[in-house]
Structures are given as C-alpha cells and as structure tokens.
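Let me begin by presenting the structure, written as structure tokens, before commenting on it.
Residue numbers (my numbering), protein chains in the order written: chain A, 1 to 115; chain B, 1 to 118.
See below:
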C-alpha cells in the first residue's frame, strides 16, 4: 500500500467552484510533487516542492495554486477550472532531491471532473 | 527538451513467456531510471529502479541499463495475466545544483501496454 495519501479520491466541481486536493506523507520525505495525468497519457509534472519551497512550476495556469504547509502536507487549490482540466491528479514524494536514485512514490490519485 | 521514448505497443505475449519492454532517453547526463506499472484506473506503482550499467534482477523482473546507448529495458520472465498493465519508463533529469536552485524531475515515456494472454 502506498504511504502517500490523497483526498478526496473523486471530486466533481463546477467551473466557478473553489476546491482543494490534499496530500499527506509520513515517510519523512522532503520533496513533494503534483502530477497531472489524462487518459491514455503519461503523468505530466506540474509542481515540485523541495524542503517546503516551490522549486519547479511547469508553467501551470494560475487557476492551479499549490501550497506546502509543512514537510508532510501538500495541497493543490483549484479555482475557475475548465472542463479540459478533468484528469487524474497524482501526488508523489521522494526522500529529497539531488541524489542518484531518488525514488518517487505516488499516491492513489484524485480523479477530478470539471463540469 | 528532455525526452523519453518507449515502444508504444501494444505488446501481447502468452502466459509464461518473456515480455521485453524498451526505452531510450535523450539526456546523456541522466543518472536514475525507473519502471512503473500502471493498471487501468490506478496510479503508477514502482517496479524497479536502476542507476548502474548492467542488469538488476528482482524476482521475475530484470532491468537493464546501457548508458552509452542511452537505453534501458525491462524483462518480465514467466509472464502472468496479472502482469497485464501499462508499463511506464521514467528518467530522472537533474538541472543544476540544488544549492543553486537546481531541481530534478521525473520525465515519463508514453508507456507500453502489455497484455499477457492465458
């Protein structure tokens, strides 16, 4: 079983709604990630937090807003999304960054549908 | 642009056969390579990682890495129907020193769908 926990598992939201996806890990990992995966496509990186600081933003639209309150928690705040944002959102964590073989572990994902 | 290429498949093998999955990558500086398995409707699950040239075996799985050819493969021996899934090759790209604001990220290939027929 994955030690990266994501909530909710399923979310349906309207285009004017504000919602959040939450992620938690208790492995002592210092890097956390958000990936987005569309059907029949590989995961695509959105954001990386390293030691609670945002280190990578892959030119993600501002309607997605990440937050890392502490080293165990990662949130993704959603506002004014579009139907094409419907996807599986994957949270992941790794021990750190900058070391060979830094393995990334994924949570079970949050299925988002924008209506 | 960092790229990871996989045979798109689909790949179909009979139960008990060896399934061979291949992957090439574009950045000669890459150090870490991963294989993930993803069942339909589920998140990616780590199968193997490798960072030294040669073979690495774990049960029925063998990962092979050839940095000179920028090639990594996954062999699944004695394939089982439960191995039917999409297999994602992933390469960890590192851009610069962490102390200077560099970061690393995992880039995935498009995946190969494997079907093991009973």
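Think of the CB as a built atom: it goes at the ideal place given N, C-alpha and C, for glycine as much as any other residue. Computed from a predicted structure; not experimentally measured.
Please list the terminal residues of the continuous beta strand (DSSP E) segment that includes residue 63/B. Per DSSP, residue 63/B belongs to the beta strand (DSSP E) from 61-66.
For residue 42/A, which three-state DSSP category applies? The three-state secondary structure of residue 42/A, taken from DSSP, is coil.
Touch test, the segment 10-23 of chain A against the segment 81-97 of chain A, Cβ-Cβ under 8 Å, three pairs minimum: With the cut-off at 8 Å, the segment 10-23 of chain A and the segment 81-97 of chain A touch.
Would you grab the beta carbon distance between residue 49/A and residue 32/A for me? Rounded to a whole angstrom, and I think it's under 8 Å. By a beta-carbon distance limit of 8 Å, residue 49/A contacts residue 32/A. Their separation comes to about 5 Å.
Residue ranges of each alpha helix (DSSP H) within the segment 10-83 of chain A, 4 or longer: List check, alpha helix (DSSP H) in window: nothing returned.
Looking only at C-alpha atoms, which of 107/A, 68/A and 14/A sits nearest to residue 115/A? For the options 107/A, 68/A and 14/A, the alpha carbon positioned closest to that of residue 115/A is the one of 14/A.
Quick check: what's the CA-CA separation for residue 17/A versus residue 68/B? Answer to the nearest angstrom: the Cα atoms are 51 Å apart.
Quick one: what's got a C-beta closer than 8 Å to residue 58/A's C-beta in the same chain, skipping five residues either side? The answer, listed in chain order, is 44, 45, 46 and 47.
Can you name the residues of chain B whose CB is closer than 7 Å to the CB of residue 122/A? The structure shown does not extend to residue 122/A, since chain A is modelled only from 1 through 115, so no value can be given for it.
As assigned by DSSP and simplified to three states, the class of residue 44/B: Of the three classes helix, strand and coil, the one that applies to residue 44/B here is coil, per DSSP.
Just confirm the distance between the C-beta atoms of residue 9/B and residue 42/A, as a whole number of angstroms; I'd bet it's less than 8 Å. That belief does not hold up - the Cβ atoms of residue 9/B and residue 42/A are roughly 13 Å apart, past 8 Å.
What would DSSP say about residue 81/B, mapped onto helix, strand or coil? Residue 81/B falls in the helix class under three-state DSSP.
Under a CB-based cut-off of 8 Å, is residue 122/A close to chain B? A question about residue 122/A goes unanswered here, because the residues of chain A that appear run from 1 up to 115.
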